[in-house]
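First the structure, in the form of structure tokens, and then the observations on it.
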Ligand SMILES: C[S@@+](CC[C@H](N)C(=O)[O-])C[C@H]1O[C@@H](n2cnc3c(N)ncnc32)[C@H](O)[C@@H]1O
């Protein structure tokens, strides 16, 4: 069904919102005050999702997307406007997610590069249909040989896969449908360090942040800022710590906990433990670390997957840390998990780190310290 729309505002997921009577329609890749036509592809309980067809009135903030796949691809959300506007929409989104929180200073850390940054891409394939690419909104595979947000070394390998359908040879022994992941494990721009995995879980080879440059900025900021509130003798538990990325630059005694920990480099101040933090006995498992000579934490870093840590309060009640830093790639999880903690902790500041330019995603970092009357 074809509809006419007028966009009122951009929602926290970066979609344009059009309202006619009681019917709300979300149209991606539009801007406030734009009008045009769109094709509805899904409709539920008075809410419609439509794909942009054509624009009648365009916003002065609209620019030409740099990527040739942009209009069809579901990977990026903001290439049709400037990076300044993108950051403004992201800040608005985070402000909305935190509307129940007391005011705290919010700083936006924008990226230097809006494109050519992702060190990891997962592509789906269908051998029978001879298709390799990203999933579009209707779950069809869209070939993206010229994807612009990936690092040049990954882009080089990606083009090689598409050339003469080389990928069909690569997946020759794999099932008819599946996925391929291209990833660069460290910041080697020589183009020789890209690895490929097939039909393995996402982030094969151990989780790493997808944006090397912004990850560095994030770690530097945490280290510099946290050092003003975290005493040198504090014991830090780096929960969902992966390879110890977030706490690497600290000199404190640090206990890195991750279910799927990868083999880390030996680093005197970090010790690594494999614990399932989503298990109902995870707090007990952390307490039991004392049997291994591990001191109790006085600070927590928490950097969970998108689903967050619903029972964060249990960890806080048990360890009563002087403070904690929550790092979230999903702002709704940040808001849900930390709101109840505010009765005993102050939120010193909120940082928006744009690790995912051109897309709706961003990283939220909050520093919390125990209220004075809760000493
Ligand atoms: C967003 S990543 C953060 C990793 C790390 N802090 C970093 O900056 O690279 C989330 C981490 O949670 C870990 N993880 C996922 N499920 C887990 C679980 N049930 N228990 C413990 N860790 C888990 C993943 O292995 C991954 O390293």
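Residue numbers (the numbering used here): 179 to 553. Where is the CB? At the ideal position from N, CA and C, for every residue including glycine.
Do residue j and residue i come within 8 Å of each other at the CB atom, strictly closer than that value?
i, j, result
"residue 527", "residue 259", "no"
"residue 293", "residue 326", "yes"
"residue 481", "residue 418", "yes"
"residue 314", "residue 252", "yes"
"residue 362", "residue 297", "yes"
"residue 306", "residue 354", "yes"
"residue 215", "residue 250", "no"
"residue 494", "residue 543", "no"
"residue 374", "residue 400", "no"
"residue 245", "residue 300", "no"
"residue 516", "residue 533", "no"
"residue 331", "residue 371", "yes"
Where do the N-terminal and C-terminal ends of the alpha helix (DSSP H) with residue i fall, by residue?
i, result
"residue 474", "Looking at the DSSP string, residue 474 is not in any alpha helix (DSSP H), and its letter there is neither H nor E."
"residue 515", "509-516"
"residue 401", "390-407"
"residue 557", "What the structure shows of the chain is the stretch from 179 to 553, and residue 557 is not part of that stretch, so it cannot be assessed."
"residue 340", "330-340"
"residue 347", "344-348"
"residue 462", "460-465"
"residue 492", "490-497"
In chain order, what residues of the same chain have a beta carbon less than 8 Å from the beta carbon of residue i, not counting five sequence neighbours either side?
i, result
"residue 473", "413, 431"
"residue 378", "359"
Leaving out the 5 sequence neighbours to the left and right, which residues in its chain are closer than 7 Å to residue i when beta-carbon positions are compared?
i, result
"residue 342", "none"
"residue 549", "522, 523, 524"
"residue 236", "212"
"residue 366", "Any answer about residue 366 is weak, because its pLDDT of 48 lies below 50 and its placement is not dependable; what the coordinates show is given next. Nothing listed; no residue qualifies."
"residue 484", "507, 508, 511"
Ends of the beta strand (DSSP E) at residue i?
i, result
"residue 448", "448-451"
"residue 287", "284-287"
"residue 300", "298-304"
"residue 183", "180-188"
"residue 233", "225-235"
"residue 502", "501-506"
Less than 8 Å between the CB atoms is what I'm expecting for residue i and residue j, so what's the real figure, rounded?
i, j, result
"residue 478", "residue 499", "5 Å"
"residue 256", "residue 536", "6 Å"
"residue 302", "residue 395", "Incorrect: roughly 31 Å between the Cβ atoms, too far for contact."
"residue 519", "residue 467", "With a Cβ gap of about 22 Å, residue 519 and residue 467 do not count as contacting."
"residue 191", "residue 458", "So it is not a contact: roughly 32 Å between Cβ atoms."
"residue 329", "residue 295", "6 Å"
"residue 415", "residue 475", "4 Å"
"residue 421", "residue 471", "Not really, about 22 Å apart at Cβ, beyond 8 Å."
Starting from the C-beta of residue i, find all residues in its chain whose C-beta is less than 6 Å away, skip the five residues before and the five after it, and write them out in chain order.
i, result
"residue 247", "322"
"residue 546", "501, 502, 523, 525"
"residue 207", "230, 258"
"residue 193", "204, 206"
"residue 243", "257, 258"
Exercise. Counting pairs of beta carbons, one from the segment 200-214 and one from the segment 223-232, are three or more of them closer than 8 Å?
Worked result: Contact holds: three or more Cβ-Cβ distances are below 8 Å.
Exercise. Pairing CB atoms from the segment 381-397 with CB atoms from the segment 273-281, are three or more of them under 8 Å?
Worked result: With a cut-off of 8 Å on Cβ pairs, the segment 381-397 is not in contact with the segment 273-281, counting fewer than three such pairs.
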